[in-house]
Amino acid sequence: MFKVVSTLFVAIVLGLLSSCSSRPSDVQSVDQLPAIYPDYVGVTIPADIAPLNFSMADDDVSAIDVEVSGSKGGSMHVNGRWADFDIDEWHQLVRQNRGGSLSLTVCACKNGQWTRYRPFPVYVSPHTLGEWGVTYRRIAPSYALYSHMGLYERCLSTFEEKALIENTQSPGMCINCHTANRTNPDQYVFHVRGQHGATVVHRSGRDELLRAKNETLGGSMVYPYWHPGGRYCAFSTNATSQMFHTAQNKRIEVYDSSSDVFVYDTQSHTILSDTLIMRKYWAENCPAFSPDGRWLYFVTARRQVYPTDYDKECYSLCRVSFDEATAKLGQQVDTLVRSQSLAGKSLSWPRPSYDGRYLMFTLADYGYFTVWHPESDLWLLDLQSGESRPLNEVNTQRAESFHNWSTNSRWFLFTSRRDDGLYTRLYISSFDPATGQAGKPFLLPQRNPRKYYRELLYSYNTPDFSARAIRPDAREMGRKIDDEHRIDTKTLQKNKQ
Amino acid sequence: MANISKFLRAHWQQAVSVFLGLCAFCYWYLLCPHVLAGREQTQLFLWDWPYLLSRLAQPSGLARYLGEFLTQFFYLVPLGALVVSLLIVAVQRLSLKLFLRCGVSFRRLAVLLSLLPALLVWWLLMQTNVPMTLPVALTLQLWLLDVLSAHFKASRIKLFTLLISLLIPIAYWLLGPVAILLALLPLFHTSQGSLLSLCLSLLFAACVVGSSYLVPYPLKQLARGIDYYWPDAHHFGTTEEMHYDLLLRQQNWDALVRLAKKTPPPSRACDNALRLALYHTGQLPEEELNACLVESQRVLSSQVSAFIMSEVYMNMGMVNMAQRAAFEAMESISNYNKSARALRRLTETAVVTGQNEVARKYISILSKTLFYRGWAQRMLPLVNHPEQLDRHPYYGKLRRMYAQTSDVFFI
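Residue numbers (our numbering), protein chains in the order written: chain C, 885 to 1381; chain P, 250 to 660.
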């Protein structure tokens, strides 16, 4: 009996000793890149980004040791369950190597054996982000019902996140489409749906809560995009419905039985409707102004019969001129990219870069609600040459959807379901306007990304950059939303057909 | 017999408590097991620090955390009945001590009075729109009042006033608006009680108003207590639906058919559950079972209905529809909790439809629960080795059905 117990005791002690000590020893080198999560191998980052903390993708790895050295000097070292870089040390190293690169050497311990992998680069762009952070909505990837959701702002230099407003502030409300004017938080709009519905317009230091629906319009203001001048904002109005798949590893198809685009005058609270962009048998959607404000981009498709012809609603990209001084649209709509020219696929979410050179859009087999389309990809239109191409350096086999540019047009962000096919995550990518090439995108950094993203049961939605922190008074906003006071909008009709 | 009678007379107060507990246990175990099961599926209690911290970050946080801690045991109905009956007895015993300390000298009257708070908690637990937060908060508050009353001395009134002043904001943050009872304590112990209680009540009100600047909840909800009750209870479902749901989960088809004879199906979902039971007992042909697929939107009329339909659809091999029903059930929970039961179903549908990374995510989360951990760990090999799925007697069959299912739309 004593022999059995002592053998067991020795075995337990040896077992404990053979588990990884925190520093690498008896390291075996392999000539392969480490499989890390998030995949930051070869990404290009701005100098002011938060630390790219990461874990090994293999859950059985018990410890990781990372040496980081800069091509222009400096180094740092971390060791632990995951690579958790000190924020200040990280910023110092990355700023020192702006325009150069970092080399990361990873050792990982699994079953008591340390393995050293081939070093991988992280490139530090010479161009800053030019933005303080990002804003987004977080909501579960649900069907018809929704639980907790909120609009949030996140500093990109740190891991700090703050709620702009959450739907606990006014129970039962749905909030969406937070859109700033060229990332400037002094001017933004977002929607509230539910019992106390409203469209909230923040401008000139004041909040205006517009009545959610306009009787003449027949619906609510939906997808917004600000005119750079700040007085006007384009919206779509959509009668949206959902259908649900029984198979094909798809879940939902979101479609509009009708949709139109219009321009809203924030000064006079007037909806400027024009039949040129509100045609009877056509669905206009996803408006966006050009950076000089002279053009209004949108997508349009001939309306189909649902559900039988659900896969025939394919949008083309159009634009019409807009005169800010008179608030008038031009006489003619130009078609920039026809659906037929892209194998009959459907374009949506046009987003011109702020330097006016490019326009990014999403392409899917049909429809416009691309987050539920695994085949949806980001495409880039060169506005000078008129050529479109898929952003193959960014796209995956899963849905890449909603995107926005930084104001210096050197970076863009987008939502992607590449992680698991369901929960949308926020990625940032560098962009070179001279070549029109994007860098490998990187996932929004978190302090412990493996734990955070694995346990997060919410998706990132409608993200955008933000030039500064917004720091709203959520309590006061909740009070205003609960208040019954709303501003009515007028409609000014222009008939061209 | 005489000895027993003598014993009971000597310990009659304890006998009252034991009798109360036994009655509560029998009631919840024999008559209302479905209500316990219905409560359990409205939460996802995780055994990790972030979950605890997320609860403590809001008023009523400790009460809510402990309430959810206890509710997880409702997964096993006998254990749930025991937990509930112990809670009711605890309220009764604490109330008795409190009444005696507050000057009710006639012991039999005190015992009788002590049954009132216990019966109040019993009644609260029967209300499907009252989660465990409020009963737990009341229990803890009673305990705190009892401790303070035990040490209250009129000669040390200033010290106790200071102590209560310090305790009110702490108790409010941890337990919620029941903390106002602390403000009423001086009424029973000193002649200056009215003025003191008024001042302490104002302090309590200031705490409530102050908390509205710290947490994203409107003032009126903070005043009535976060998670004390759910105003939109009609979304939850009726106790009759819960009864159908429990029998459906247990696949107790005969009992379900018998229940329907006594309590006709109160909703379309329950009607579909009955159809399934009749099919399994050979009383309904298979072709008539397809009527369950009609009006898939209207049939999800409540959270419990959605859980029922998830079971029905899964039983019929309609995996996408089962997935949707489970997701809707989870997203309809009034206090925005997630649901372990729903996540379990969503893990299954993710495995069958090949969404392995999603399944792995849910398994990772369920591995932090007490009662779903084992099941989650048993599912992991299927996720890590999808080729084993085809050999699985249940999921393999579902996968083959799914592969042959035509893609049509349902609304």
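Backbone N, C-alpha and C define an ideal beta-carbon position, used for all residues, glycine too.
- Beta bridge pairing from DSSP links residue 1202(C) with 1182(C), 1219(C).
- Setting aside the 5 residues that flank it on each side, residue 1222(C) is surrounded in the same chain by 1200, each with a C-beta closer than 7 Å to its C-beta; the list follows chain order.
- Under the 8 Å Cβ criterion, the segment 415–423 of chain P does not count as touching the segment 363–383 of chain P, having fewer than three qualifying pairs.
- Close partners of residue 651(P) in chain C (Cβ separation under 7 Å): 1131.
- A direct Cα-Cα distance of roughly 15 Å separates residue 1149(C) from residue 1101(C).
- Around the beta carbon of residue 1301(C), 16 or more other beta carbons sit within 10 angstroms, so the residue counts as buried.
- Chain C has no Cβ within less than 9 Å of the Cβ of residue 317(P).
- Each residue's CA atom was taken as its position, placing residue 602(P) and residue 648(P) some 7 Å apart.
- At least one beta carbon of chain P lies nearer than 9 Å to the beta carbon of residue 1366(C).
- Residues of chain P whose Cβ lies closer than 8 Å to the Cβ of residue 1032(C) are, in chain order, 585.
- Membership of residue 1137(C) in the beta strand (DSSP E) is indicated by the continuous run 1136–1149.
- A buried status is given to residue 525(P), since no fewer than 16 other beta-carbon atoms sit within 10 Å of its beta-carbon.
- When 8 Å is used as the limit between beta carbons, residue 1362(C) is near these residues of chain P: 465, 467, in chain order.
- With respect to chain P, the C-beta atom of residue 1344(C) has no partner C-beta closer than 9 Å.
- Taking the Cβ atoms as the reference, residue 1362(C) lies roughly 44 Å from residue 980(C), outside the contact range of under 8 Å.
- Interface criterion not met: the Cβ of residue 521(P) is under 9 Å from no Cβ in chain C.
- Between residue 1180(C) and residue 1172(C), the C-beta spacing is below 9 Å.
- Residues of chain P whose Cβ lies closer than 7 Å to the Cβ of residue 1052(C) are, in chain order, 465, 466.
- At least 9 Å separates the beta-carbon of residue 343(P) from that of residue 291(P).
- Using a CB distance below 8 Å, the part of the segment 567–578 of chain P facing chain C consists of 567, 569, 570, 572, 573, 576, 577, ordered along the chain.
- With contacts defined by Cβ atoms closer than 9 Å, residue 621(P) and residue 640(P) do not form a contacting pair.
- Taking a C-beta distance under 9 Å as the contact criterion, residue 1328(C) and residue 1309(C) qualify as a contact pair.
- Taking CB atoms only, residue 659(P) has a neighbour in chain C less than 9 Å away.
- At a cut-off of 9 Å between beta-carbon atoms, residue 582(P) makes contact with chain C.
- Sorting 293(P), 432(P), 350(P) by C-alpha distance to the C-alpha of residue 322(P) places 293(P) at the top.
- Between the segment 1257–1276 of chain C and the segment 1205–1217 of chain C, the count of C-beta pairs closer than 8 Å stays below three; the two stretches do not touch.
- Taking CB atoms only, residue 614(P) has a neighbour in chain C less than 9 Å away.
- The beta carbon of residue 606(P) falls within 9 Å of a beta carbon belonging to chain C, placing the residue at that interface.
- Taking the CA atoms as reference points, residue 1116(C) sits about 56 Å from residue 431(P).
- Residue 1338(C) reaches chain P at 609, 610, 613, 614, counting residues in chain order whose Cβ is nearer than 9 Å.
- Assignment of residue 505(P) by DSSP, reduced to helix, strand and coil, places it in the helix class.
- Along the segment 592–604 of chain P, going in chain order, the ones with a CB nearer than 9 Å to a CB of chain C are 592, 599, 602, 603, 604.
- In the DSSP annotation of this structure, residue 363(P) is not part of any beta strand (DSSP E); the continuous alpha helix (DSSP H) holding it starts and ends at 356–375.
- Per DSSP, residue 980(C) has no beta bridge partner at all.
- The beta-carbon of residue 1191(C) is placed less than 9 Å from the nearest beta-carbon of chain P.
- Scanning the segment 959–1023 of chain C from its first residue to its last, the whole beta strand (DSSP E) runs of 3-plus residues come out as 959–964, 985–994, 997–1000, 1004–1008, 1017–1023.
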